[in-house]
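Student: Per the working numbering, the sequence shown starts with residue 1, numbered consecutively.
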Amino acid sequence: MPALADIVLTAQNKDPLVAGCVALVEGRVAGRGGLRGIALKTGLAMLKSARPDVLPRAMQALLPDFVASLEPLYQDYVTAAAGDFGGFL
């Protein structure tokens, strides 16, 4: 069985995953309320106005570390052969 990085970090899989992560972060920030939500929304808006690609670039940079951290769990999943990886987690 190939390593998780060999599956996830291919060109065809990485770009949709980065886009999904960006949408997830933006959705979580948009869903926050109260003063903390205002601060998060304002901070993200300021970052995006200075550098519109800040979230995709951050996800591109962090994704290899995330995948490396998930690799031991993926190997346990492969050994257990139980359902899908998301359900296993």
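Note that beta-carbon positions come from the ideal geometry of N, C-alpha and C, so glycine has one too.
Decide if the segment 63-80 is in contact with the segment 33-44; the criterion is three or more beta carbon pairs, one per stretch, under 8 Å apart.
Tutor: Judged by Cβ distances under 8 Å, the segment 63-80 makes no contact with the segment 33-44, as fewer than three pairs qualify.
Student: With DSSP collapsed to three states, give me the class of glycine 37.
Tutor: Of the three classes helix, strand and coil, the one that applies to glycine 37 here is helix, per DSSP.
Student: Do you know offhand how far methionine 46's Cα is from leucine 55's?
Tutor: Distance between the alpha carbons of methionine 46 and leucine 55: 12 Å.
Student: If you count every other CB in all the chains shown that lies within 10 Å of the CB of methionine 59, and 16 or more means buried, which is it?
Tutor: Classification of methionine 59: buried, given that the 10 Å Cβ count is 16 or more.
Student: Within this structure, are the beta carbons of leucine 63 and leucine 24 separated by less than 9 Å?
Tutor: Not in contact: leucine 63 and leucine 24 (Cβ atoms no closer than 9 Å).
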